[in-house]
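Some notes on the structure that comes next.
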Amino acid sequence: MSSTEVKPDAQRRAKPSDELTPETLNKWLYDMMLIREFELRTMAAYQQAKIGGFCHIYIGQEATVVGTFGAVNHDDPIITAYRDHGHALARGMHPNHCMAEMFGKITGCAKGKGGSMHMFDKPNHLYGGHGIVGAQTPVGTGLAFGAKYELEVLGGGTKKVCLAYLGDGALNQGALHEAMNLAGLLSIPVIYIVENNGYSMGTSIQRGTTMAHDLGAKAAAYGIDFLEVDGFDVIDLYDGFKPFADACREKQRPGFVDLKTYRYQGHSMSDPQKYRTKEEVSQFQEKDSIDRLAHLLLNERGTLGEDEYKAMQKEIKEIVKESIKFSESSPDPDVEAELYSDVYANIEPNLSPTRDYNHGAKNDLL
Amino acid sequence: MTTTIADIDIPAPNLTAELPPFEGDRVIQFREALREAMSEEMRRDPRIFLMGEEVAEYNGAYKVSQGMLEEFGAKRIIDSPISENGFAGLGIGAAMYGLRPIIEFMSWSFSLVAADQILNNAPKMLYMSGGQWGCPIVFRGNDGAGGQLGSTHSWCVEALYANVPGLKMAIPSCPYDAKGLLKTALRDPDPVFFLESERMLGDKAHVPEEEYYIPFGQAELRREGDSCTVVSFGRPVNFCIEAADQLAAEGINVDVLDMRTIRPLDVEAIERSLRKTNRIVVVDQSWPFASIASEVITQVIERFFDYLDHQPIRVNSDDVPAPYAKPLEQAFLPHAGKIVEAVKQTLS
Chain A
978 MSSTEVKPDA QRRAKPSDEL TPETLNKWLY DMMLIREFEL RTMAAYQQAK IGGFCHIYIG
1038 QEATVVGTFG AVNHDDPIIT AYRDHGHALA RGMHPNHCMA EMFGKITGCA KGKGGSMHMF
1098 DKPNHLYGGH GIVGAQTPVG TGLAFGAKYE LEVLGGGTKK VCLAYLGDGA LNQGALHEAM
1158 NLAGLLSIPV IYIVENNGYS MGTSIQRGTT MAHDLGAKAA AYGIDFLEVD GFDVIDLYDG
1218 FKPFADACRE KQRPGFVDLK TYRYQGHSMS DPQKYRTKEE VSQFQEKDSI DRLAHLLLNE
1278 RGTLGEDEYK AMQKEIKEIV KESIKFSESS PDPDVEAELY SDVYANIEPN LSPTRDYNHG
1338 AKNDLL
Chain B
33 MTTTIADIDI PAPNLTAELP PFEGDRVIQF REALREAMSE EMRRDPRIFL MGEEVAEYNG
93 AYKVSQGMLE EFGAKRIIDS PISENGFAGL GIGAAMYGLR PIIEFMSWSF SLVAADQILN
153 NAPKMLYMSG GQWGCPIVFR GNDGAGGQLG STHSWCVEAL YANVPGLKMA IPSCPYDAKG
213 LLKTALRDPD PVFFLESERM LGDKAHVPEE EYYIPFGQAE LRREGDSCTV VSFGRPVNFC
273 IEAADQLAAE GINVDVLDMR TIRPLDVEAI ERSLRKTNRI VVVDQSWPFA SIASEVITQV
333 IERFFDYLDH QPIRVNSDDV PAPYAKPLEQ AFLPHAGKIV EAVKQTLS
């Protein structure tokens, strides 16, 4: 816009979110509500012992994935850690396949071989779901390297950015620092998004990380652009993140984002949460991102009707309920077909002393 | 060139084709054979890049990649900082994205700091993702004792790493195999751990100029005899050949089987030889406890117990950290003297 169009006394500048249509915002609300409902059902299923292993709940952080995914293209690669159900759903994985994976069923996104921490979705460019803290960050750097290589060496493809999510606990892992050094050095278009919920399991960020009050110092050390952004309001988040991501894409340079968020539930399903007070949790719940967006669309902007909102709630409840039914009624992976499949792509004799490997069932997502 | 990754379709090589003669007069070094394999495949496949410490401007810490920067440019021959966990992980991401990385470890000893990436991510990705993403990547570098490098730089990682399902492991013993096995590794869709030896990089032998692919899981008989089966792989194969020649002078002829790959492991070749010799010695430069030799012997006992006329014997490096002093290091390795003694023991 030219300067003549801006009134000298204008307090309000144009924001990237001004371009978002009411349909997009309604969809964002829908996605955030879907994640929350899904996670509530996940917790219930876990308590009923239908889900095993470790299970990390995303409730409270919904705006994070919805606002950041909204700022990039569908074919930009995404990689994350183990609190990954929200990423899978927001990227477009059908709740049936996400839930069935946790139920350990063959219809799960990883055929029941990965579980809660390993949500992979090739058609939606979600490269996992990774269990070791920080280990996904060099891999995300490689995804972005691959995209840039395709552009520069092969001459095909488009300018992409990879979003590599991590928790604040991963700030202290060597893998992240090696990845950031490589990205800064080789100019790799990966954006490290710290979903900073204040706690790595039971250790507050102040107890685990130096310069916790200014994570930008870490980005500066590697010559990487930095953004600090509020993850409680999805629109503010988008307004901050969209131009940042666009610039990383355009310059084909890395970025580092301190995204302030909060998880309402424990670290995992077995967390008594003695490290924080109920008052602290409710303080954050008061600025809940879903309530805020619903209020904005229903009351302030009036772009979402009360009936439409209720229909949305109803539909989500049904979809999630259906995902439980789908998972319960799906078959277990067949031991004979699946235990020894997906280990090698090129199966040869004598790879194992126990028995030959085999090809199993086709993944439902492919 | 305007190609996307999806446009590139390179069919699997013909692994049943007859291999060119082992003997000939095109004598080059082991390191040149490795370079030839990489360069031939890189010319065919633009998805392949080489990344590692000093691979580009320095021309390779051990001159394996000498001249490759000049031919392929800085976008494909890439110097990394000393950051093994970082660049190994970068390679894994690039492989998932559709490229074909070669990640060079100056020494496999240094891969220990990248263990999480190379053991947790590369070999398990296909399984964890329910078959959605494999990891076509080659990790390669020097393995085993160099020359008086002391304990931290003399790692034999084969026993540690071959334990993990999902990876393949090739360990060439001569320049001919270095080229043929590396070319096969670069065309395989699974992660391949390719173990070289600093002590062999200068070894010279005939290497065919033509392209050839040595199939994985097919051992090669290096010496023939009916007294005992001597199984090995990588550098110690050369110790076995030395021992076999010493034994032959005494009228004892042994089969020396070069396994070439550990995963897959050609147990049928071992069976064929055992039927004839009924005795086995396994030579492995790993430490003895839970070593590749232990694994080979376990499989022999499980499958071929009835063929055995003597208990199997393993010859490993001594069960101590690799020493610095020359006589200590010499004594530590699974050298020919130890092998001769072990063979004689099976015949006693």
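Residue numbers (this note's numbering), protein chains in the order written: chain A, 978 to 1343; chain B, 33 to 380.
We treat Cβ as the ideally placed atom computed from N, Cα and C, and that holds for glycine.
This one's a predicted model, so the numbers in the text were calculated from it and none came from an experiment.
Residue i - partner residues in DSSP beta bridges
i         : result
B:Arg295  : B:Met201
A:Glu1172 : A:Gly1144 and A:Leu1236
A:Leu1103 : A:Ile1055 and A:Asp1098
B:Val224  : B:Val170 and B:Lys200
B:Ile80   : B:Arg132
B:His238  : B:Val59
A:Ser1177 : A:Thr1180
B:Arg255  : B:Val288
Cα-Cα separation, residue i to residue j
i         : j         : result
A:Ile1109 : A:Ala1156 : 15 Å
A:His1336 : B:Pro355  : 46 Å
A:Gly1151 : A:Leu1281 : 46 Å
A:Asp1309 : A:Phe1080 : 9 Å
A:Asp1061 : B:Ile60   : 52 Å
A:Arg1018 : A:His1033 : 13 Å
A:Leu1120 : A:Lys1195 : 22 Å
A:Asn1340 : B:Ile37   : 22 Å
B:Leu279  : B:Glu72   : 40 Å
A:Gly1243 : A:Arg1253 : 10 Å
B:Pro366  : B:Pro320  : 11 Å
B:Trp187  : B:Asp175  : 6 Å
B:Thr261  : A:Asn1323 : 30 Å
B:Leu233  : B:Gly173  : 11 Å
B:Glu274  : B:Tyr244  : 27 Å
A:Tyr1334 : B:Pro223  : 16 Å
B:Glu252  : B:Lys200  : 18 Å
B:Phe364  : B:Ala93   : 26 Å
A:Ile1028 : A:Ala1077 : 9 Å
B:Arg58   : B:Ala194  : 33 Å
B:Leu101  : A:Ser1304 : 53 Å
B:Pro240  : B:Gly56   : 8 Å
B:Pro207  : B:Val372  : 25 Å
Partners in chain B for residue i, counting only beta-carbon separations shorter than 8 Å
i         : result
A:Val1116 : Gly121, Leu122, Ile124, Gly125, Met128, Gln149 and Asn153
A:Asn1335 : In chain order: nothing, as chain B lies at least about 12 Å away.
A:Ala1112 : Gly121, Asp148, Gln149, Asn152 and Asn153
Reduced DSSP category for residue i - H, G, I as helix; E, B as strand; rest coil
i         : result
A:Ile1201 : coil
A:Leu1140 : strand
B:Gln21   : What the structure shows of chain B is the stretch from 33 to 380, and residue 21 of chain B is not part of that stretch, so it cannot be assessed.
B:Gln377  : helix
A:Arg1013 : helix
B:Glu136  : strand
B:Leu181  : coil
B:Gln61   : strand
A:Asp1191 : coil
A:Cys1225 : helix
B:Gly369  : helix
A:Asp1284 : helix
A:Gly1089 : coil
A:Cys1032 : coil
Under 8 Å from the C-beta of residue i: neighbouring residues of chain A
i        : result
B:Ser264 : Within 8 Å Cβ-Cβ: nothing; B:Ser264 doesn't reach chain A, min ~17 Å.
B:Ile37  : Gly1123, Glu1127, Leu1131, Gly1133 and Gly1134
B:Leu222 : Residue 222 of chain B is actually Asp in this sequence, not Leu. Simply Tyr1321, Ala1322 and Asn1323.
B:Gly198 : Val1320 and Tyr1321
B:Arg4   : A question about residue 4 of chain B goes unanswered here, because the residues of chain B that appear run from 33 up to 380.
Per-residue contacts from residue i into chain A (C-beta, under 7 Å)
i        : result
B:Leu297 : Asn1327
B:Gln331 : Pro1330
Contacts of residue i in chain B (Cβ-Cβ under 7 Å)
i         : result
A:Gly1123 : Gly125, Ala126, Tyr129, Gly130 and Leu131
A:Asp1319 : Leu158, Tyr159, Gly162 and Gly163
A:Glu1155 : Ser115, Asn117 and Gly118
A:Leu1120 : Gly125, Met128 and Tyr129
Contacts of residue i in chain B (Cβ-Cβ under 9 Å)
i         : result
A:Cys1086 : Ser161, Gly162 and Gln164
A:Lys1090 : Tyr159, Met160, Ser161, Gly162 and Gly163
A:Asn1340 : Ser161, Gly162, Gly163 and Gln164
Using a beta-carbon distance cut-off of less than 7 Å, what residues from the region 1094–1109 of chain A approach chain B? His1095, Phe1097, Lys1099, Tyr1104, Gly1105 and Ile1109
To be precise: take each residue of the region 228–251 of chain B, compare its Cβ to all Cβ atoms of chain A, and keep it if any distance is under 9 Å. Which residues remain? Pro247, Phe248 and Gly249
Give me the subset of the region 1141–1172 of chain A whose CB atoms are less than 7 Å from a CB atom of chain B, sorted by chain position. Gly1151, Ala1152, Glu1155, Ala1156, Asn1158, Leu1159 and Leu1162
Chain B contacts from the region 1047–1059 of chain A (Cβ-Cβ distance under 9 Å): Pro1054 and Ile1056
Going along the region 1064–1077 of chain A in order, which residues come within less than 7 Å of chain B, judged by CB to CB distance? none
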